[in-house]
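For the sequence shown, the working numbering assigns the number 280 to the initial residue and increments by one for each residue that follows.
The next block holds one structure in the form of structure tokens; read it before the comments.
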Amino acid sequence: MAKAFSKKQIERYSSPRRMAALGRQVTDALNAHPRVQWLESPFVQLYVHQNFLSDADCDLLVNMIDGNSQPSTLYEGTQREGYRTSYSCNVDPADPDIRRIDQSICDLLGLPQSHSEILQGQRYQPGQQFKDHHDYFHESEKYWQYEGPNGGQRSWTAMAYLNEPEQGGATAFPQLEYQVEPRRGMLLIWNNMRPDGTPNIDTLHAGLPVDRGTKYIITKWFRLNQWQQASSG
């Protein structure tokens, strides 16, 4: 049986009040940036920054992903056949170029690097996909016993497209009836919480199957608290 967290621990790991304040902080930073575009949805805070990554950085990251990727995994207890069929890897946080790219994402959102996870690279080949899921943690799941103390709830997601597959591979938000087509160098950003700091079910999204070509992306997740593995990077 999973250990129950105390009220004090629950407040620390997923406080709606603190999540809401963090959401307002990032929203102000993004709204003030001249190259960030708000995708005008009343249900999810969703933004894009075109040409965030240079062609050289995209190529660098694609090569790193090709050289290190393994079949993508899911948390224990959430696995389902055919649900996540891509390849992924954590890129080397000690690499100077990765440090620079990583810091540029943190600077854009105005969040400390210590409150973010290591950049994850993902590769989708024809037929591969990641079906509907949320990036925030479902606190009823077994993995929350580890993730709660290890940085707390996820706040914002930043995902960059490194190339444009020949066909397919869009990021779909089914609750919004909206899709984002891959565009090389573009950074897609969204708040996993509602304005009140509670998980936003409308952030449900999927990496649709690639029909032709290969799709490469990197994803960075931010946390409410300091991510406990951050010091190792």
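We put the CB at the ideal spot given by N, CA and C, even for glycine.
Please read all numbers here as calculations on a predicted model, not as lab measurements.
Give me, in chain order, the residues of the same chain whose beta-carbon lies closer than 7 angstroms to that of residue 407; leave out the 5 immediate sequence neighbours on both sides.
Cβ within range, chain order: 364, 365, 488 and 489.
Starting from residue 368, follow its DSSP beta bridges and name the residues at the other end.
Per DSSP, 400.
Answer yes or no: do residue 476 and residue 295 have a C-beta to C-beta separation smaller than 7 angstroms?
Judged by their CB atoms, residue 476 and residue 295 are nearer to each other than the 7 angstroms cut-off.
Cβ-Cβ separation, residue 411 to residue 483 (assumed contact under 8 angstroms), whole Å
Right, their Cβ atoms sit about 5 angstroms apart.
If distances are taken between C-alpha atoms only, which option among 370, 375, 347 and 379 comes closest to residue 397?
Comparing C-alpha distances from residue 397 to each of 370, 375, 347 and 379 shows the shortest one belongs to 370.
Would you report the Cα separation of residue 414 and residue 368, rounded to the nearest angstrom?
Taking the straight line joining both Cα atoms gives about 17 angstroms.
Mark residue 511 as exposed unless 16 or more other C-beta atoms lie within 10 angstroms of its C-beta, in which case mark it buried.
Confidence at residue 511 is low in this model, with a pLDDT of 36, below 50, so the placement of that residue is unreliable and no value is reported for it.
Is the region 460–474 touching the region 418–427 in the sense that three or more CB pairs, one from each, lie closer than 8 angstroms?
Pairwise C-beta distances place the region 418–427 out of contact with the region 460–474, as fewer than three of them are shorter than 8 angstroms.
If you check the beta carbons only, do residue 330 and residue 464 fall under 7 angstroms apart?
Yes. Within cutoff.
Shortest alpha-carbon distance to residue 324 belongs to which of 430, 388 and 297?
Cα-wise, what sits closest to residue 324 is 388.
Between the alpha carbons of residue 280 and residue 431, how many angstroms are there, rounded?
Unreliable placement is indicated for residue 280, whose pLDDT of 43 sits below 50; the coordinate value is still reported in the next sentence. C-alpha separation (whole angstroms): 21 angstroms.
To which residues does DSSP link residue 328 through a beta bridge?
DSSP, once it has assigned bridges, lists 315 and 466 as partnering residue 328.
Alpha carbon of residue 403 to alpha carbon of residue 287, nearest angstrom:
When rounded, the distance between both Cα atoms is 41 angstroms.
3-residue-minimum beta strand (DSSP E) runs that sit fully inside the region 435–498, ordered along the chain:
Every unbroken stretch of the beta strand (DSSP E) spanning 3 or more residues and falling wholly within the region 435–498 is given here in chain order: 450–452, 457–459, 466–470, 484–486 and 489–491.
Neighbourhood of residue 480 by C-beta, 8 angstroms cutoff - its chain only, sequence neighbours within 5 removed:
Excluding residues within five positions, the ones whose Cβ falls inside 8 angstroms are 413 and 454.
In terms of DSSP beta bridges, what is residue 409 paired with?
Its beta-bridge partners are 363 and 486.
Straight-line Cα distance separating residue 300 from residue 416:
So the two alpha carbons sit approximately 19 angstroms from each other.
Between which residues of its own chain and residue 343 is the CB-CB distance below 7 angstroms, once the five residues before and five after are set aside?
So the qualifying residues of the chain are 370 and 400.
For residue 351, count neighbouring Cβ atoms within 10 angstroms of its own Cβ and tell me buried if that reaches 16, exposed if not.
Under this definition residue 351 is a buried residue.
Residue of 458, 433 and 474 minimising C-alpha distance to residue 501
Taking only the C-alpha atoms, the option nearest residue 501 is 433.
Just the C-alpha distance for residue 493 and residue 446, rounded to the nearest angstrom, thanks.
CA-to-CA, the gap between residue 493 and residue 446 works out to about 9 angstroms.
Measure the Cβ-Cβ separation of residue 438 and residue 496 and say whether it is below 7 angstroms.
Yes, the Cβ-Cβ distance between residue 438 and residue 496 is below 7 angstroms.
Alpha carbon to alpha carbon, how far is residue 319 from residue 503? Give it in angstroms, no decimals.
Take the alpha-carbon of residue 503 and the one of residue 319: they are about 25 angstroms apart.
Reducing DSSP to helix, strand and coil, say where residue 395 ends up.
Three-state result, residue 395: strand.
Alpha carbon of residue 313 to alpha carbon of residue 379, nearest angstrom:
Spanning the two alpha carbons is a distance of roughly 21 angstroms.
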